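Worksheet: the structure to be examined is printed underneath.
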Amino acid sequence: MPTESAPAPAQPRATALPMASASARLRHYGRSVGAVLWKDLSAELRSKELISAMLVFALLVILIFNFALELDRTGRENVAAGILWVTTAFTGTLGLNRSLAQEKDRGSLDGLLLAPVDRSALYFGKALGNLLFILTIQVIMLPVFTVLFDVNMVQPMLLLVVVLGAVGYSAVGTLLASLAVHSRSRDVMLPILLFPVALPVLVSAVRATGGVLTAAAWDQIYPWLNLLLVYDVIFVAMAFMVFDFVVEE
Amino acid sequence: MIQTRSLRKSFGLRPVLRGVDLEVAPGECLALVGPNGAGKTTLLRILATLTKPTAGLVRVAGLPLPAAAGEVRRRLGVVAHHTLLYSDLTADENLQFYAHMYALIGAGPRIVAVLEQVGLAARRHDLVRTFSRGMQQRLAIARALLHDPEVLMFDEPYTGLDPQAADMLDQVLVAARQGGRTTLLTTHDLTRALALADRVAILARGIIVFSAACRGLDPRGFGETYAAAVASVGAFNPTGALPSPERTLRS
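So the protein lines, in turn, are chains E and D.
Sequential numbering of the first sequence, starting at 47, is according to the numbering used here.
Sequential numbering of the second sequence, starting at 466, is according to the numbering used here.
Written out as structure tokens, the structure is:
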């Protein structure tokens, strides 16, 4: 049982960054985004839970499609785009769900919500982490695709489409995963919510990828790239505005 | 420092808090006790800005909630059921992360100091997943103290602690009182509540049914007082109605 004791020796005090100026608040915002991203990357580098699950799933999907579809070169170029983005969609959903579910199940989501930082910073930190995980899987997938489907998937324009598509999917996926994480049936809820909303990203990415692979004219590829870019901007802006409401209990 | 007036919280149609009036003066330690399902954790989550009330007034550190939630969080340290730690990071990395989130500059010495305070300095560079439950709870306390908050909230912090860790937590609470921090502690341990706190309040079925200074209470008789206070709000009533206020115990 406690007893009143002599006062403890003085400890170093905590010094907080003064938040009076807009630049100080912006600096704190940026540091918070960086801290959340660093935290997710460090934890994942040690545990490798997300990446290993996503990678195995992605390779399995590619292999199954490769064996199931025996096509000539033209056929492979036409279906490769669809297979790439189906794989990305399912793999990305797996990663998105687990990323937020871990925070919720271990109780650390409350730790993030207790921090004195605009909650959109939490969103951007998580979304950037999810984006990096998706891009990591795609970086590994693309050479595998090239070998198995005999289609050159490592092209600059294609890489641009892959990045824009991943940004859009990660942006909307992180937002909806934050919503679904509070539900008991979140494993089912996230795909139900995500796939219809992410359809414009997936369709645009598939059409743009297909155009690049079949060496279509620029005016056939550009509208889909444009749509991807617009979608990315809209969803990132929307997530910035509504994340606070989504993540609260 | 902490104030609620007619605080209500419902989840859907189910009322959890039914008009809680609570006041914790600056530098005071209030122990909030009550049976399971009384609403202690819900009340604490509202005060900690993790959820919004359905109705009523809430002020923490003198600031209104939810309007000034961001500023309240800066002044608040919380030790919850979960440790809020990342098991794949080391103790030092966890505290570095929270130092960034709380905008602390030059946090290195402060991290070392809080780890020494909770007796984990030697395990600073070990992964949290290698810690026992008691050690994780100690690190959670270090996390809550890191940014030197004015207000501390502990939600049943003694759960799962070994005697050594429990004694350490007692010392933290004593030091918090001596340091003038305002503290709110929820616990099932009535003896500890009376020994550590300045005042004790009993929450049952979403209302405060008893509140008194600990100094005037007999620890041996408090168990009966507690049972009577909890019983005064009655067993489950399908209509959801509560007994009249005259039946509740007063200090």
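C-beta: ideal position from N, C-alpha, C; glycine also.
None of the values given here were measured: they were computed from a predicted structure.
With distance defined between alpha-carbon atoms, name the residue in the options nearest to residue i.
| i | options | result |
| --- | --- | --- |
| Ala526/D | Leu497/D, Glu493/D, His565/D, Leu634/D | Glu493/D |
| Pro246/E | Asp290/E, Phe111/E, Leu130/E, Asn272/E | Asn272/E |
| Ala609/D | Lys474/D, Arg646/D, Arg479/D, Thr656/D | Arg646/D |
| Val543/D | Ser229/E, Leu159/E, Ala244/E | Leu159/E |
| Val293/E | Asn501/D, Thr506/D, Lys517/D, Gly504/D | Lys517/D |
| Ala490/D | Phe476/D, Leu509/D, Thr469/D | Thr469/D |
| Phe289/E | Arg253/E, Thr255/E, Ser224/E | Ser224/E |
| Asn124/E | Met199/E, Ile280/E, Asp156/E | Met199/E |
| Leu668/D | Thr652/D, Cys679/D, Leu659/D | Thr652/D |
| Leu105/E | Asp164/E, Leu188/E, Asp233/E, Ala68/E | Leu188/E |
| Ala678/D | Ala692/D, Ala660/D, Asp557/D, Gly688/D | Ala660/D |
| Gly219/E | Thr139/E, Ile108/E, Ala167/E, Phe113/E | Thr139/E |
| Leu259/E | Arg152/E, Ser231/E, Ile129/E | Ile129/E |
| Ala662/D | Arg510/D, Val698/D, Ala496/D | Ala496/D |
| Pro142/E | His74/E, Leu91/E, Met203/E, Glu95/E | Strictly speaking, residue 142/E in this sequence is Leu, with Pro absent from that position. It is Glu95/E whose Cα lies nearest to the Cα of Leu142/E. |
| Thr134/E | Phe103/E, Asn112/E, Leu91/E | Phe103/E |
| Val197/E | Glu149/E, Asn112/E, Ser216/E, Arg165/E | Asn112/E |
| Val227/E | Asp278/E, Ser166/E, Asp156/E, Ala127/E | Asp156/E |
| Thr120/E | Ala263/E, Gly256/E, Val282/E, Val132/E | Gly256/E |
| Lys150/E | Thr555/D, Leu585/D, Leu549/D | Leu549/D |
| Asp278/E | Ala263/E, Val185/E, Leu177/E, Pro202/E | Leu177/E |
| Ala564/D | Arg575/D, Leu554/D, Thr555/D | Arg575/D |
| Asp654/D | Arg685/D, Ala641/D, Val485/D, Ser597/D | Arg685/D |
| Phe619/D | Phe476/D, Ala513/D, Ala630/D | Ala513/D |
Could one say the Cβ of residue i lies closer than 8 Å to chain E's Cβ atoms, at least one of them?
| i | result |
| --- | --- |
| Glu558/D | yes |
| Leu714/D | Caution is warranted here: a pLDDT of 42 is assigned to Leu714/D, below 50, making its placement in the model unreliable, and no coordinate value can be reported. |
| Leu508/D | no |
| Gly417/D | With chain D running from 466 to 716 in the structure shown, residue 417/D is simply not present. |
| Ile570/D | yes |
| Ala513/D | yes |
| Ala496/D | no |
| Val525/D | no |
| Thr595/D | no |
| Thr624/D | no |
| Ala545/D | yes |
| Met566/D | yes |
| His653/D | no |
| His612/D | yes |
| Arg539/D | yes |
| Thr647/D | no |
| Ala548/D | Position check: residue 548/D holds Thr in this sequence, whereas Ala was assumed. So yes, Thr548/D belongs to the interface. |
| Phe562/D | yes |
In chain order, what residues of the same chain lie with their CB nearer than 7 Å to the CB of residue i, ignoring the 5 residues before and after it?
| i | result |
| --- | --- |
| Pro55/E | Interpretation of Pro55/E is limited by its pLDDT of 49, a score under 50 that renders its predicted location unreliable; no figure is taken from the coordinates. |
| Glu116/E | none |
| Leu482/D | Leu472, Arg473, Lys474, Gly504, Thr507, Leu508, Gly671 |
| Glu50/E | With a pLDDT of only 46 at Glu50/E, under 50, the local geometry of the prediction cannot be trusted, and the value read off the model is given with reservation. The answer is none, since no qualifying residue turns up. |
| Asp233/E | Asn143 |
Could you pull the start and end residues of the beta strand (DSSP E) that residue i belongs to?
| i | result |
| --- | --- |
| Leu117/E | Careful: Leu117/E lies outside any beta strand (DSSP E) and carries neither H nor E. |
| Ser471/D | 467-476 |
| Ala677/D | 672-678 |
For the alpha helix (DSSP H) containing residue i, list its first residue and its last residue.
| i | result |
| --- | --- |
| Ala81/E | 68-93 |
| Asp265/E | 264-293 |
| Leu617/D | Unbroken run through Leu617/D is the beta strand (DSSP E), 616-620; no alpha helix (DSSP H). |
| Ala692/D | 684-696 |
| Asn176/E | 165-195 |
| Gly211/E | 202-226 |
| Gly256/E | 232-259 |
| Ser154/E | 154-160 |
Can you list, in chain order, the residues of its chain with a C-beta nearer than 6 Å to that of residue i? Leave out the 5 residues immediately preceding and following it.
| i | result |
| --- | --- |
| Ala62/E | none |
| Ala254/E | Val207, Ile267, Trp270, Leu271 |
| Tyr169/E | Ala285, Phe289 |
| Phe364/E | Nothing can be reported for residue 364/E, as the shown portion of chain E is limited to 47 through 295. |
Within the 8 Å Cβ cut-off, does residue i reach chain D?
| i | result |
| --- | --- |
| Gly175/E | no |
| Thr182/E | no |
| Val292/E | no |
| Ala156/E | In the sequence as presented, Ala is not what sits at residue 156/E; that position holds Asp. Chain D contact via Cβ: present. |
| Arg230/E | no |
| Val288/E | no |
| Gly128/E | no |
So, for residue i: in the same chain, excluding its five sequence neighbours on each side, which residues have a beta-carbon less than 8 Å away from its beta-carbon?
| i | result |
| --- | --- |
| Asp86/E | Ser145, Gly171, Lys172, Gly175 |
| Leu274/E | Val207, Leu210, Gly211, Gly214, Val247, Ser250, Ala251, Ala254 |
| Met466/D | Val489, Ala490, Pro491, Gly492, Glu493, Val525, Ala526, Gly527, Glu615, Val616, Thr647 |
| Ala630/D | Gly599, Met600, Gln602, Arg603 |
If you measure from the CB of residue i, is any heavy atom of the ligand ADP nearer than 7 Å?
| i | result |
| --- | --- |
| Gly484/D | The ligand ADP is not among the ligands present in this structure, which contains no ligands whatsoever. |
Whose Cβ in chain C lies nearer than 9 Å to the Cβ of residue i?
| i | result |
| --- | --- |
| Val163/E | Included in the structure are the protein chains E and D, with no chain C among them. |
Point to revise | Runs of beta strand (DSSP E) wholly within the stretch 530-613 of chain D (minimum 3 residues, chain order) | key: Runs of the beta strand (DSSP E) spanning 3 or more residues and lying entirely within the stretch 530-613 of chain D occur at 541-544, in chain order.
Point to revise | Length at least 4, wholly inside the stretch 479-532 of chain D: the alpha helix (DSSP H) runs in chain order | key: Listed in chain order, the complete alpha helix (DSSP H) runs (minimum 4 residues) inside the stretch 479-532 of chain D are 505-512.
Exercise for review: Write down every uninterrupted run of the alpha helix (DSSP H) in the stretch 638-669 of chain D whose length is 4 residues or greater and which is fully enclosed by it, in chain order.
Suggested key: As far as the stretch 638-669 of chain D is concerned, its whole alpha helix (DSSP H) runs of at least 4 residues are 655-661.
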